[in-house]
């Protein structure tokens, strides 16, 4: 989504495109998977005066507007990433903390089984699978 599109979405809700809103959205797109603290640090490198509260409020607004979404990839703060490109699950390494995207087709069988047997609809964008990545796994052997 371009920032002209973002401005139009905000205007349709009676809001305006402020510099902090643009900076936060740019950071989410640049960082791909980032906590509010990481987004705040990235924004702070580009502009002074944007505090962490503004980042949290902006992320909430961007999520309401369906421009970003979040997943819980650890016990800490949620991790935000752009919405609209493609839904994906997350592989999170307990060793190094690396986050990899897992394409939805890899979970389609599970999603269908859950829907059929339990009537449960899986939200793939909020799925995080924890384990050990190949690099960390080879170090353990």
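In the working numbering, the protein residues as written are 318 to 458. Quick reminder that beta carbons are idealized off the backbone N, C-alpha and C, glycines included. Note that this is a predicted model, so its numbers are computed, not measured.
- Looking at the DSSP output, residue 445 sits in a beta bridge with 407.
- With respect to the C-alpha of residue 392, the residue from 383, 409, 398 having the closest C-alpha is 409.
- According to the DSSP assignment, residue 417 belongs to the beta strand (DSSP E) that extends over 416–419.
- For residue 388, same chain residues with a beta-carbon under 7 Å away, outside a window of 5 residues either side, are 395, 396, 407, 442, 443, 445 in chain order.
- Annotation for residue 357: no beta strand (DSSP E) segment contains it, though the alpha helix (DSSP H) segment containing it runs 353–363.
- Only residues of its own chain outside the window of five on either side were considered, and among them 439 have a CB closer than 6 Å to the CB of residue 428, listed in chain order.
- A distance of 7 Å or more separates the beta carbons of residue 417 and residue 400.
- Looking only at 390, 398, 361, the smallest Cα-Cα distance to residue 349 is reached by 398.
- Using a Cβ distance threshold of 7 Å, residue 405 and residue 424 do not count as a contacting pair.
- Per DSSP, reduced to three states, the secondary structure at residue 395 is coil, with no helix or strand assignment.
- Here residue 370 carries a helix assignment [DSSP, helix/strand/coil].
- In the DSSP assignment, residue 386 falls within the beta strand (DSSP E) that extends over 385–388.
- With a cutoff of 7 Å on beta-carbon distance, residue 334 and residue 342 are scored as not near each other.
- For the 7 Å CB-CB criterion, residue 345 and residue 357 do not form a contact.
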